[in-house]
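Residue numbers (my numbering): 1146 to 1593.
Just so it is clear, CB atoms sit at the ideal spot from N, CA and C, and this is done for glycine as well.
Written out below as structure tokens is the structure these notes cover.
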Amino acid sequence: MAAQDGPKRLYIETYGCQMNVYDSERMRDVLKPLGYAPADKPDDADLVVLNTCHIREKATEKVYSEIGRLRVHKERRAGEGKATSIVIAGCVAQAEGEEIMARAPAVDLVVGPQAYHKLPELIARAARKTGERLAADFTAQEKFDALPARAPDGVTAFLSIQEGCDKFCTFCVVPYTRGAEYSRPMAAILEEARSLAGQGVREITLLGQNVNAYHGGGDFAALLEALARVEGVERLRYTTSHPVEMTDTLIALHGDEPKLMPYLHLPVQSGSDRVLKAMNRKHDGGFYRDIIGRLRAARPDIALSTDFIVGFPGETEKDFEASLQLVRDVGFASAYSFKYSPRPGTPAAAMMGQVDEAVKSERLARLQALLSEQQRAFNTAQIGRTLPVLVTGQGRKPGQAYGRSPYLQAVHFDDAQARPGEIASVRISAASQNSLSGARVSCATEAA
Ligand code: 5AD
Ligand code: SF4
């Protein structure tokens, strides 16, 4: 990086999952001491980081087209005598680092998800043109130990407790890009939660590829119990989890711990036992339904969310119908659904019976129509209820506040005085597919 006048500007573009959103925040924290102020657009930035996602083919393709655009900025700024450094981070960096370097000479540095703590040093070395451009060989433990303290922005925050995955679902690149599962020590997580709460955070979402496989000196239920005792933390959530790790204690906690919000994202991927087996999900549809039944017995109002993949190799119309049936049986408050995308190096990419793109699209449309209908019905069912809404900021219109329901719905309500961090009782009067609106009924603490 060349010396320049004024503060240096950093632009981070984030693709993919919440883990990447979290990682981007942490990269900002790491780079702040170097004097980087945020830029709104890549055009104005001295340092541009693309935090990439490798989970599906489309996400990966975006990286190369974005690098192409950035190269143009870089050349334009070079013409004005300004240097621009381009860093490719995230899962594509980890999986395709060598290829990126070969295909994109405009890229100054490629860093895998476990090397963010080294960014200042790596950027300095890249600027000295040492020829070293790839850093993908670190461990999650090393990274977590080295990252600086957090400075949260708002009353909700992610807290990464676990990273990587040992489940090896046959469609998934995560075990290859994020590596073997690593659980952070419980003491470090509690310390971070206390620090977040001390800075005004009221709702913490625990993050990881498989949070309920957590084993950092206690199991996941024990960690949740300890976090619920942290003063100032009013609400706890977690994502993502795996059905086979839903222990009896964890299910019971959903009924017993009021700080644990009644919302759970529990990916199922398919309703067909045959497909679930080929996916190596380690459970069948009956097992999933049983877990849902037990969760609802523990916490009757729990809102459920899930992930589906359509068009996995060998998926027949009958298999797909089984996914639709599972949706009808369970009833989801929200869901994400995707067309199967063959990922290089994963077992499913080499399986026989790859499904035609047109068939995948048609199945996805049918599944999404059903899921949208359920999401609208779930939101509409809140009309007339009074919900405890965590105020997170100002609403769209003047005099309006904005917040989150216990079921993770966005809520707009009239109240010019509402302060971020308070929990307001809001009577819901209208619902759309993606949000609720209503009016405040009183100053309240957590109501049922
Ligand atoms: N193709 C399509 N969807 C995928 N997912 C993971 N890998 C693939 C793939 N190869 C989906 C799963 C997972 C979510 C994060 O992304 O549904 O739960
Ligand atoms: Fe991927 Fe399966 Fe691990 Fe989830 S559990 S990250 S889908 S391998």
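Pick helix, strand or coil for Gln1605, following the three-state DSSP scheme.
Within the shown structure, residues of the chain are numbered from 1146 to 1593, placing residue 1605 beyond reach of any answer.
I'd like to know whether the C-beta atoms of Ala1285 and Gly1324 end up nearer to each other than 9 Å.
Looking up residue 1285 in the sequence shown gives position 140. Looking up residue 1324 in the sequence shown gives position 179. Yes.
Determine, using beta carbons only, whether Ile1233 and Val1256 come nearer to each other than 9 Å.
Along the sequence shown, one-based indexing puts residue 1233 at 88. Along the sequence shown, one-based indexing puts residue 1256 at 111. Annotated as proximal: Ile1233 and Val1256, with beta-carbon spacing under 9 Å.
Among residues of its own chain, excluding the 5 on either side of Lys1407, which ones have a beta-carbon nearer than 7 Å to its beta-carbon?
As a working mapping, residue 1407 is identified with position 262 in the sequence shown. As written in the sequence, residue 1407 is Pro, which differs from the Lys given in the question. The answer, listed in chain order, is Arg1444, Asp1446, Ile1447, Ala1448, Pro1551 and Tyr1552.
Any heavy atom of ligand 2 within a distance shorter than 8 Å of the CB on Phe1316?
As a working note, residue 1316 is residue 171 in the sequence shown. With a cutoff of 8 Å, Phe1316 counts as near ligand 2, since its C-beta is closer than that to a heavy atom of the ligand.
Helix, strand or coil: which one does DSSP assign to Ser1577?
Numbered from 1 along the sequence shown, position 432 holds the residue referred to as residue 1577. DSSP places Ser1577 in coil when its eight states are reduced to three.
Cβ-heavy atom distance, Pro1258 to ligand 2, below 8 Å
Residue numbering aside, residue 1258 sits at position 113 when the sequence shown is read from its first letter. Pro1258 has its Cβ no nearer than 8 Å to any heavy atom of ligand 2.
Sorted by chain position, which residues of the same chain lie with C-beta nearer than 7 Å to His1557's C-beta, five sequence neighbours on each side aside?
As a working note, residue 1557 is residue 412 in the sequence shown. Excluding positions up to five away in sequence, the list reads Gly1540, Arg1541, Gln1545, Tyr1547, Ser1580 and Ser1582.
Tell me the residue span of the alpha helix (DSSP H) that contains Ala1271.
Here residue 1271 refers to the residue found at position 126 of the sequence shown. From DSSP, the alpha helix (DSSP H) with Ala1271 extends over Leu1264 to Ala1272.
Determine which residues share a DSSP beta bridge with Thr1301 and list them.
On the sequence shown, residue 1301 is found 156 positions in, with the first residue counted as 1. DSSP lists Glu1348 as partners of Thr1301.
Assess, as a yes-or-no matter, whether the region 1494-1507 is touched by the region 1329-1349 under the definition of 3 or more beta carbon pairs within less than 8 Å.
The region 1329-1349 is not in contact with the region 1494-1507.
Closer than 8 Å to a non-hydrogen atom of ligand 2 - does that hold for the CB of Asn1165?
Residue mapping note: residue 1165 aligns to position 20 of the sequence shown, counting from 1. No, Cβ of Asn1165 sits at least 8 Å from all heavy atoms of ligand 2.
Quick one: grab the DSSP three-state call for Leu1176.
Your numbering for residue 1176 matches position 31 in the sequence shown. Residue state for Leu1176 is assigned as helix, using DSSP reduced to three classes.
Own chain partners of Ala1423 with C-beta closer than 8 Å, once the 5 adjacent residues on each side are dropped:
As a first step, residue 1423 must be located in the sequence shown, where it is residue number 278. Excluding residues within five positions, the ones whose Cβ falls inside 8 Å are Thr1315, Phe1457, Pro1458, Gly1459, Ala1493 and Met1496.
Thinking C-alpha only, which one of Gly1309, Ala1467 and Asp1174 is nearest Ala1294?
For this step, residue 1294 is matched to residue 149 along the sequence shown. Residue Asp1174 holds the alpha-carbon nearest to the alpha-carbon of Ala1294 among Gly1309, Ala1467 and Asp1174.
Among Ser1210, Arg1273, Ala1223 and His1199, nearest to Ala1240 - alpha-carbon criterion:
Here residue 1240 corresponds to residue number 95 of the sequence shown, with the count starting at 1. Each of Ser1210, Arg1273, Ala1223 and His1199 was checked against the Cα of Ala1240, and the nearest Cα belongs to His1199.
Quick one: what's got a C-beta closer than 6 Å to Pro1487's C-beta in the same chain, skipping five residues either side?
On the sequence shown, residue 1487 is found 342 positions in, with the first residue counted as 1. So the list reads Ala1494, once near-sequence residues are dropped.
Does DSSP put Asn1165 in a helix, a strand or coil?
Here the question's residue 1165 lines up with position 20 in the sequence shown. Annotated three-state conformation of Asn1165 is helix, per DSSP.
Taking Phe1303 as the reference, which of Leu1351, Asp1311 and Arg1273 has the closest Cα?
Start at 1 with the first residue of the sequence shown, and residue 1303 comes out as number 158. The shortest C-alpha to C-alpha distance from Phe1303 to any of Leu1351, Asp1311 and Arg1273 is the one to Leu1351.
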